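What follows is a short report on a single structure.
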Amino acid sequence: MGRMEDSDKFGYAISTSALIVLLLSSFAARGADSPTGTSQERSNSAKAYVDEPLSLALSLSLASFSGPYPPMPANDTSLSVHEEAPIRNGANGTGADPMLSLSQTLSSPLPPVTANKDENLAAIAKDGGAGGFTSREALFGGDEQPEIKSPPVPAWKTLVTGWKGFSQMEIAQTYADPEHFSKAKLRTELSRTGQFNEYLKWKISGRFDYDAAYDLSNFYPSAVRQDQRYDFFLRENYLDISAGNLDFRLGRQHVIWGEMVGLFFADVVSAKDMREFILPAFDILRIPQWAVRAEYSKNDFHAEVLWIPVPTLDEIGKPGADFYPGPLRGTASYIEEDRSGRNIGNSNYGVRLSQLIKGWDVSGFYYHSLDAASTFYRVSGPTEPLVFQPRHDQIDQFGATVTKDLGSAVFKGELVYTDGRQFNVGQPSAPNGLVRQNTLDYALGLDFSLPADTRLNVQFFQRVFFGYDPGIFSDRVENGASVLLNGKLWQKLEAQVLLIHSLNRSDWMFRPRLSWNFQRNWRWAVGADVFGGKPTGLFGRFDQSDRVYTELRFSF
35 MGRMEDSDKF GYAISTSALI VLLLSSFAAR GADSPTGTSQ ERSNSAKAYV
85 DEPLSLALSL SLASFSGPYP PMPANDTSLS VHEEAPIRNG ANGTGADPML
135 SLSQTLSSPL PPVTANKDEN LAAIAKDGGA GGFTSREALF GGDEQPEIKS
185 PPVPAWKTLV TGWKGFSQME IAQTYADPEH FSKAKLRTEL SRTGQFNEYL
235 KWKISGRFDY DAAYDLSNFY PSAVRQDQRY DFFLRENYLD ISAGNLDFRL
285 GRQHVIWGEM VGLFFADVVS AKDMREFILP AFDILRIPQW AVRAEYSKND
335 FHAEVLWIPV PTLDEIGKPG ADFYPGPLRG TASYIEEDRS GRNIGNSNYG
385 VRLSQLIKGW DVSGFYYHSL DAASTFYRVS GPTEPLVFQP RHDQIDQFGA
435 TVTKDLGSAV FKGELVYTDG RQFNVGQPSA PNGLVRQNTL DYALGLDFSL
485 PADTRLNVQF FQRVFFGYDP GIFSDRVENG ASVLLNGKLW QKLEAQVLLI
535 HSLNRSDWMF RPRLSWNFQR NWRWAVGADV FGGKPTGLFG RFDQSDRVYT
585 ELRFSF
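The following block contains the structure:
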């Protein structure tokens, strides 16, 4: 705004004087137009108006005005006066010069005063309750409005609300010889999250499984029935602490460093419930670890340090179960698993670094652990019947992962070098029936999003043995591939097919599945798990465990 000229200042002064005259005229008109009555009534009325507080509000606005000045309105005789007079910043009354509009408002916020003091107070309280100001502090914002407190929430309501989870019924029939009823399992999982403040959060969760098949049938040995009849699992139960770029998680937690379709490669931290092989969904299959994890994030860089004081190991079940992983099933026998190495002296620890580089999400890690997977030691003599015991060795693993969105597809790759793992051999002279073999495992996959809500995933994977011993039940280089096709057949009907096959020999797993989301939060599915191959193969060893199944799941 330019510097104000003397003539402009004079014009503002004249306008302000005119405003004051208008106000005084309004008061005079108000007194002249008072109702007629006795002199005493007029005196009381005048006294009442004199004692009555008035409020005056002035507002100025700058606008562009074109044309002659508008006529000034006649004096109003009412209690509320509102007048506007344009004030120009120019030498004449024409043109589009800025115009200063001055508005005046005179009002009485309080009710009329009466002779009775109690009535006056009641009237003021009544008016104030309707939104008027009752004090100088309230007028100028000095009083804080009283906080409206919500009624206290009953303790029982706090405990029973906010839970999430699912309940799922699974029924399976093994149709391979001998045919038998193999599962009638009810899974129920509950979880809840919360926070003490923005820096301190928590999660609690648990799952209960009960399988009625082990009460309804005597097909399985007693040890299997006792092991798999029911289970209570502590799922994720942890405390999160946030401190700027640093985050800490203390407690039982999932640590997922890789995830390919159908198989595990770089996902080396999680223990697994292998009593149904790799057939359950991964969120059910994984077992959380009791761990201390620290994470640092800045821009596109992420670092993670992990310590697991007492490692959790795979659950493999008991001999005689459908998916017990012991070698030479049907010809060998097995004794109780040795878990004595599971102590703080054999703690697991690792570090993982990741960086986003021009759209490529790249990570590398090192992990030292008591191997969660079992190694089956031969405990019988060379000329005695074969007897094995599952044990756990210490291993070191180095790995890397990469992910890239290619637009029409997502590329994923995982690589893991394992040092210290042992493998079974057929030579009776081998100590413990084992030989140490370092391995390199990697997998490459492409995930395509196709029309009509269809997904296609293809993967190639390979294992390379270093210092290869021909006595193991594998080739020096093992190759395999997988294909997953998933799509909607109808609005709520979805079909899926997964095939994983060795490229070295006939060793495969085929899993068709049909699911129907018939109501919100409800899903019904039917499917089959079919295996083929030699008894020494990854999948062929379960050739007698082919089954059909159905599932009914409610999520909440």
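Numbering (the numbering used here), first residue to last: 35 to 590.
Using N, Cα and C, we set each Cβ at its ideal position, and we do this for glycine too.
These numbers were taken from a predicted model, which means no experiment stands behind them.
Sequence-distant residues of the same chain with beta carbon closer than 6 Å to residue 434, five excluded per side: 398 and 449
Where the alpha helix (DSSP H) through residue 317 begins and ends: Start and end: 316–319.
N- and C-terminal bounds of the beta strand (DSSP E) containing residue 330: First-last of the beta strand (DSSP E) with residue 330: 323–332.
Best match in 202, 524 and 297 for proximity to residue 492 [C-alpha to C-alpha]: 297
Backbone secondary structure at residue 367 - three-state DSSP: strand
Pick from 444, 480, 301 and 501 that is closest to residue 471, judged by C-alpha positions: 501
Rounded straight-line distance, which links the Cα of residue 384 to that of residue 246: 40 Å
Sheet register partners of residue 509 (DSSP bridge): DSSP lists no partner for residue 509.
Short CB-CB distance (under 7 Å) between residue 545 and chain B: No chain B is present in this structure, which holds just one protein chain.
Identity of the residue in 439, 221 and 476 nearest residue 452 by Cα: The shortest Cα separation from residue 452 among 439, 221 and 476 belongs to 476.
Residues near residue 349 in its chain [Cβ-Cβ closer than 8 Å; skip 5 each side]: A distance below 8 Å between beta-carbons, with the five flanking residues on each side excluded, links residue 349 to the following residues of its chain, in chain order: 305, 306, 307, 308, 309 and 321.
Where residue 575 sits in the DSSP three-state scheme: Here residue 575 sits in helix by DSSP.
Per DSSP, the bridge partner or partners of residue 286: 271 and 324
First and last residue of the uninterrupted alpha helix (DSSP H) at residue 248: 247–250
Pair within 7 Å by beta-carbon distance, residue 339 and residue 328: yes
Residue 385, enclosing beta strand (DSSP E) - first and last residue: 382–391 is the span of the beta strand (DSSP E), which, as asked, contains residue 385.
Cα-Cα separation between residue 567 and residue 402, rounded to whole angstroms: 33 Å
Length-filtered (3 minimum) beta strand (DSSP E) runs lying within the segment 482–549: 488–500, 511–522 and 527–536
Beta-carbon spacing of residue 473, residue 497 below 7 Å: yes
Nearest candidate by alpha-carbon position, reference residue 576, set 217, 543 and 550: 543
Three-state secondary structure (DSSP) of residue 466: If DSSP states are grouped into helix, strand and coil, residue 466 belongs with the helices.
Cβ-based burial, residue 237 [other Cβ within 10 Å; buried from 16]: buried
Residues bridged to residue 424 (per DSSP): 410
Exposure of residue 317, with buried meaning 16 or more beta-carbon neighbours within 10 Å: exposed
Endpoints, the beta strand (DSSP E) within which residue 559 is located: 556–566
Residue 256 - DSSP class collapsed to helix/strand/coil: helix
Opening and closing residue of the beta strand (DSSP E) in which residue 451 lies: 443–453
Backbone CA spacing between residue 530 and residue 518 [nearest angstrom]: 7 Å
Residue 412 versus residue 503: straight-line alpha-carbon distance, rounded: 18 Å
Beta carbon of residue 461 nearer than 7 Å to that of residue 210: no
Closest by C-alpha distance to residue 330, when choosing among 287, 185, 545 and 276: 276
Bridge partners - residue 458, DSSP secondary structure assignment: 468
For residue 553 and residue 588, the rounded distance between their alpha carbons: Near 9 Å, if we compare the C-alpha coordinates of residue 553 and residue 588.
Residue 454 to residue 313 span [Cα, whole Å]: 27 Å
Same chain only: Cβ atoms within 6 Å of residue 300, ignoring 5 sequence neighbours per side: 291, 292, 433, 435, 448 and 450
Cβ-based neighbour list, residue 478, same chain, cut-off 6 Å, excluding 5 preceding and 5 following: 447 and 494
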